[in-house]
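> Starting off with a structure, shown below.
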Amino acid sequence: MVLKGITIQLQIKNRTGSDRFGHPVYDTEYVDVENVLVSPASSTDIIATTDLTGKKAVYTLAIPKSDVHDWNDCTVKFFNRTWKSFGYPIEGIDELVPGDWNKKVMVELYG
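See below:
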């Protein structure tokens, strides 16, 4: 059996300049990220993240090794819903992790 993920949409921010007060201004767009595994968060993960961050993990995303996007506090779309990642992505060493995925990101329902 070969594992194959789904295509999700990741919102990326492109800095376009600064406002009058020197704060960065961003333009956003969605890009497709293919072969992302989506699994329900475990009950242990749900309890731990709720206790530590106050956020409720709903799904855990496994990100392909070839992906170079920033997954920290980003917005993603899949299953016709919008989700928000939280916490830092957990990343393994490519050569030591079997399969096509080496990062884990937790997401909560957004909006």
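If you want this note's numbering, it's the 1-based position in the sequence shown plus 331.
Even glycine gets a Cβ: it sits at the ideal position worked out from N, Cα and C.
Predicted model only: the values in this text are computed from it and were never measured.
1. First and last residue of the alpha helix (DSSP H) that includes Leu-427?
2. What do you get for Val-367, buried or exposed, if any count of 16 or more other CB atoms within 10 angstroms of its CB means buried?
3. Mapping the DSSP letters down to three states, classify Asp-363 as helix, strand or coil.
4. What are the uninterrupted segments assigned as beta strand (DSSP E) that are 3 or more residues long and contained completely in the stretch 382-421, given in chain order?
5. Just reading off the beta strand (DSSP E) that Leu-348 is part of, what are its end residues?
According to the data block:
1. For this step, residue 427 is matched to residue 96 along the sequence shown. Per DSSP, Leu-427 belongs to no alpha helix (DSSP H) and is neither H nor E.
2. Your numbering for residue 367 matches position 36 in the sequence shown. By the neighbour-count rule (16 or more Cβ atoms within 10 Å), Val-367 is buried.
3. On the sequence shown, position 32 is the one that residue 363 refers to. Secondary structure at Asp-363: strand, using DSSP grouped into helix, strand and coil.
4. The stretch 382-421 is shown to contain whole beta strand (DSSP E) runs of 3 or more residues at 390-395, 406-409, in chain order.
5. For the purposes of this step, residue 348 is taken as residue 17 along the sequence shown, with counting starting at 1. Looking at the sequence shown, residue 348 is not Leu but Gly. 337-349 is the extent of the beta strand (DSSP E) around Gly-348.
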